[in-house]
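A.B. asks: Numbering (full-length UniProt numbering), first residue to last: 1 to 343.
C-beta atoms are modelled at their ideal positions from N, C-alpha and C, and glycine is treated no differently.
Structure provided below as structure tokens; questions to follow.
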């Protein structure tokens, strides 16, 4: 069937398309309402000339404020929509989305933050050692803008991980195909950056590899917090700390770092994520992950192929309810009782 699989479940692809369609639809509507409202108010108050398009300094200030707030609004939508669909439409718990109580999984978040900061610091050092970057200035002082950027990157980390490693990877589990469960969220994660300035083959590849690494650590940790932590500090150290562009977006950091030499190595204007040095760093991280988890991988693969012990079944009416999977094979039971896999 086109819309349902052999188990009567709505196919994961349609669930993903529904979620992304609602996210982009809500964002488009909000942007339209904000822009229309801004223009109407500015015209009514005489701050915008409808005929010439000329505006006053006050209108420019309000426009800049609205533009700066759009990333916060976007992140809010990208967090709210998947969670609402997961809990209300699919009738599943937030913990199954990868968001159990943070108070009980704070160590996982801290570990993710440390790995993210360490990976970007390694990238920074490799760029300096290979003469692919040069630090021009160093301003080691805290500022309100640094705090604002930290809050923004926390929201970005949560939103992109909830969408890709939470919702998308979560619904892909019903395929019981380990390759699809890992690769599809990584591919969509990469494609979601298509509008970024300077995107190209190497940036697409690197963002895909980053997504692949985050998918792997999500599977082996059992929750999103290591991936969220990595995402937050990978971006935060890349931009506001080391002064690189973040996925094509210009940033002012505590350091002012100038990219020089071969852009194939340093990523040029796109930032480190557009260069082969980041490719090497992420491949190293994936290699470390494999080395740490190689003995537990057969059990993990068996679990993915067997499916979750508690899954959502879709009835012919289209309603959702939680049911218990059919009895698992003995080898799958043994795998599910194996020691929890560590990062």
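Just to confirm my understanding: we take residue 139, look at its own chain, exclude 5 residues before and 5 after, and list those with CB closer than 6 Å. What are they?
C.D. replies: Start at 1 with the first residue of the chain shown, and residue 139 comes out as number 139. For residue 139, where only same-chain residues beyond five positions count, the Cβ hits under 6 Å are 254.
A.B. asks: Compute the Euclidean distance between the alpha carbons of residue 289 and residue 121, then round it to the nearest angstrom.
C.D. replies: Along the chain shown, one-based indexing puts residue 289 at 289. Along the chain shown, one-based indexing puts residue 121 at 121. If you take the alpha carbons of residue 289 and residue 121, they lie about 18 Å apart.
A.B. asks: Mind checking which residues open and close the beta strand (DSSP E) that includes residue 255?
C.D. replies: Numbered from 1 along the chain shown, position 255 holds the residue referred to as residue 255. First-last of the beta strand (DSSP E) with residue 255: 255 to 259.
A.B. asks: CA-CA distance, residue 9 and residue 183?
C.D. replies: If you number the chain shown from 1, residue 9 lands on position 9. If you number the chain shown from 1, residue 183 lands on position 183. When rounded, the distance between both Cα atoms is 21 Å.
A.B. asks: In the DSSP assignment, find the unbroken alpha helix (DSSP H) run with residue 289 in it and report its ends.
C.D. replies: Counting from one through the chain shown, the residue named residue 289 turns up at place 289. 276 to 293 is the extent of the alpha helix (DSSP H) around residue 289.
A.B. asks: Quick one: give me the first and last residue of the alpha helix (DSSP H) that residue 114 is part of.
C.D. replies: Your numbering for residue 114 matches position 114 in the chain shown. Where residue 114 is concerned, the enclosing alpha helix (DSSP H) stretches over 106 to 129.
A.B. asks: Please state the DSSP three-state secondary structure of residue 333.
C.D. replies: Position 333 of the chain shown, counted from the start, is the residue given in the question as residue 333. The predicted position of residue 333 is uncertain, since its pLDDT is 41 and thus under 50; a value taken from the coordinates is nonetheless stated next. Helix.
A.B. asks: So what does DSSP say about residue 169, is it helix, strand or coil?
C.D. replies: Mapped onto the chain shown, residue 169 falls at position 169. In this structure, residue 169 counts as helix in the three-state DSSP scheme.
A.B. asks: Quick check: residue 163 and residue 109, are their CB atoms within less than 8 Å of each other?
C.D. replies: As a first step, residue 163 is located in the chain shown; it is residue number 163 there, counting from the start. As a first step, residue 109 is located in the chain shown; it is residue number 109 there, counting from the start. It is not a contact, given that the beta carbons lie outside the stated cut-off.
A.B. asks: Using a Cβ-Cβ cutoff of less than 8 Å, which residues in the same chain neighbour residue 203 once the five nearest sequence positions on both sides are dropped?
C.D. replies: Counting from 1 along the chain shown, the entry for residue 203 is found at position 203. Hits under 8 Å: 193, 196, 247, 248, 267, 270, 273, 274.
A.B. asks: Please classify residue 77: does DSSP put it in a helix, a strand, or coil?
C.D. replies: Position 77 of the chain shown, counting from 1, holds the residue named residue 77. Residue 77 falls in the helix class under three-state DSSP.
A.B. asks: Can you tell me which of the three DSSP states residue 64 falls into?
C.D. replies: Within the chain shown, residue 64 is the residue found at index 64, counting from 1. If DSSP states are grouped into helix, strand and coil, residue 64 belongs with the helices.
A.B. asks: Mapping DSSP to helix, strand and coil, what is residue 24?
C.D. replies: Residue numbering aside, residue 24 sits at position 24 when the chain shown is read from its first letter. Correct three-state label for residue 24: helix.
A.B. asks: How is the beta strand (DSSP E) around residue 306 delimited, first residue to last?
C.D. replies: Residue mapping note: residue 306 aligns to position 306 of the chain shown, counting from 1. Where residue 306 is concerned, there is no enclosing beta strand (DSSP E), although the alpha helix (DSSP H) it sits in stretches over 297 to 306.
A.B. asks: Is the region 140 to 156 in contact with the region 292 to 306, if contact means three or more CB pairs nearer than 8 Å?
C.D. replies: No, the region 140 to 156 does not touch the region 292 to 306.
A.B. asks: Can you tell me whether residue 107 is buried or exposed, with buried defined as 16 or more other CB within 10 angstroms of its CB?
C.D. replies: To locate residue 107, count along the chain shown from 1; it is residue 107. Per the 10 Å Cβ criterion, exposed.
A.B. asks: Quick check on DSSP: helix, strand or coil for residue 249?
C.D. replies: Here residue 249 corresponds to residue number 249 of the chain shown, with the count starting at 1. Strand at residue 249.
A.B. asks: With distances taken Cα to Cα, identify the nearest neighbour of residue 251 among 291, 263, 235, 261.
C.D. replies: To locate residue 251, count along the chain shown from 1; it is residue 251. The option with the nearest alpha carbon to residue 251 is 235.
A.B. asks: At what residue ranges does the region 187 to 233 contain a whole run of the alpha helix (DSSP H), taking only runs of 4 or more?
C.D. replies: Complete alpha helix (DSSP H) runs here, min 4: 201 to 221.
A.B. asks: For residue 200, which residues in the same chain have their Cβ closer than 8 Å to its Cβ, ignoring the five residues on either side in sequence?
C.D. replies: If you number the chain shown from 1, residue 200 lands on position 200. Closer than 8 Å at the Cβ level, and outside the excluded window around residue 200, lie 270, 274.
A.B. asks: Starting from residue 264, trace the beta strand (DSSP E) in both directions and tell me its first and last residue.
C.D. replies: Within the chain shown, numbered from 1, the residue matching residue 264 stands at position 264. Residue 264 -> not in any beta strand (DSSP E); alpha helix (DSSP H) instead, spanning 263 to 266.
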